[in-house]
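Chemist:
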DNA sequence: TCGATTATCTCGATCGTCGAGACATTATCG
DNA sequence: CGATAATGTCTCGACGATCGAGATAATCGA
């Protein structure tokens with residue numbers, strides 16, 4: 006691979022980094038608008054994602070999702086409950102557990118903010134062909150695989166080519 | 006656009022979100038490994054980016070880059086200087102200003118961590134054709150434009166089609 | 001030269017996070 | 001069935017990152 010080809014690929018990496026920064030800024034903006042901090046936003050997103058899958062998060066599982074200790078989760082849920090974004094619901098089956106339910110207003114605010122972004126992203130993909138989207142899809146999965154390994158600290162990655170055979 | 010086509014585009018949005026999470030995790034890992042917090046990492050990245058462009062950041066510009074008040078920047082630079090990652094260098098031209106220079110060890114650590122990721126990303130793009138990479142490039146720029154508008158709170162986006170003409 | 005401006009730092013207060021441990025509930029086992 | 005362990009959450013005290021207000025020092029403009 007010559008220098009020019011490498012440079013083009015490096016530029017995609019830089020573009021990806023820039024996109025990452027802007028995506029983080031979207032979350033930051035939601036936090037600013039609603040008087041929350043980044044952890045609170047991450048927690049609300051986690052609760053909303055769980056709700057979308059039909060399961061109600063417990064305090065403990067939320068702590069795993071956002072990587073906080075139980076003391077911090079208690080403070081976190083206190084904050085969110087104080088402003089009316091979530092409710093604590095003791096589980097009748099196991100009364101040690103505390104389920105978390107998002108309020109309708111918080112649900113609506115999240116859908117408005119992040120749903121609006123999703124809608125606009127889909128809109129911006131309108132003119133892409135199926136083939137083009139398939140390329141992007143494959144690229145995103147490949148990049149995610151690499152990034153995930155780095156995030157887990159698992160260097161080095163497998164030496165490319167997942168069984169395309171025919172080599173030597 | 007039928008439902009299936011929309012669904013495929015929504016899935017790309019989800020993939021992008023997942024990739025964003027993993028990219029953040031890479032930064033978090035660097036922070037963990039080196040005993041830093043996320044702000045410190047963002048600051049080091051900002052200083053390194055500036056250095057790559059040949060300019061030395063001042064304390065004030067670093068504060069703009071990572072969105073911190075001057076009091077926090079002082080504490081931030083204190084932390085980084087204490088562990089030997091940056092040096093304060095008073096500007097001889099304007100002796101109010103404090104330039105920031107990264108130490109060689111910090112430079113090397115950053116290059117090792119993030120440079121390694123960049124290298125692996127480029128490696129994972131090896132088998133993509135120029136045409137495929139061009140599609141990805143265009144897609145990344147389009148998505149960045151949408152996300153950036155949301156991050157700035159500038160809804161709604163321009164109604165698609167940048168002068169493809171022929172419509173009415 | 002002298003006031004206005006700029007760049008950074010100091011100080012005190014606030015808030016998010018944590019470790020240790022308390023408390024209540026449920027599971028396990030003799 | 002009763003004692004003990006395991007589990008899930010919460011309370012408390014401490015620490016550290018951030019901030020606003022204001023101090024300090026250097027530069028610029030008239």
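Protein chains in written order, with the numbering used here: chain B, 6 to 173; chain U, 6 to 173.
Using N, Cα and C, we set each Cβ at its ideal position, and we do this for glycine too.
The structure displayed is predicted, hence computed values, not measured ones.
(1) At the 7 Å Cβ level, is residue 130 of chain U part of the contact set with chain B, yes or no?
(2) Can you tell me where the beta strand (DSSP E) holding residue 103 of chain U begins and where it ends?
(3) Along chain B, which residues have their Cβ under 9 Å away from the Cβ of residue 78 of chain U?
(4) In angstroms, rounded to a whole number, what distance separates the CA positions of residue 123 of chain U and residue 20 of chain B?
(5) Assuming contact is defined by CB atoms lying nearer than 7 Å, are residue 131 of chain U and residue 152 of chain B in contact in what I supplied?
(6) I'd like to confirm the pairing. Which residues does DSSP put opposite residue 94 of chain U in its beta bridges?
(7) Of all Cβ atoms in chain B, is any one closer than 7 Å to the Cβ of residue 115 of chain U?
(8) Under 9 Å between beta-carbons, which chain U residues line up against residue 18 of chain B? List them in chain order, please.
(9) Taking any Cβ of chain U, which residues in the stretch 130-149 of chain B have a Cβ under 8 Å from it, in chain order?
(10) Quick one: is residue 156 of chain U near chain B, going by C-beta distance under 7 Å?
(11) Cβ atoms of residue 34 of chain U and residue 156 of chain B: under 7 Å apart, would you say?
(12) Can residue 50 of chain B and residue 64 of chain B be called in contact, C-beta distance under 7 Å?
(13) With 9 Å as the limit, tell me which residues of the stretch 51-64 of chain U have their beta carbon closer than that to any beta carbon of chain B; keep them in chain order.
Modeler: Reading it off the structure:
(1) yes
(2) 103-107
(3) Result: empty, since nearest Cβ-Cβ is about 18 Å, beyond 9 Å.
(4) 12 Å
(5) no
(6) U:104
(7) no
(8) 122, 123, 126, 127 and 130
(9) 130, 131, 132, 133, 135, 137, 138, 140, 141, 142, 144, 145, 146, 147, 148 and 149
(10) yes
(11) yes
(12) no
(13) none
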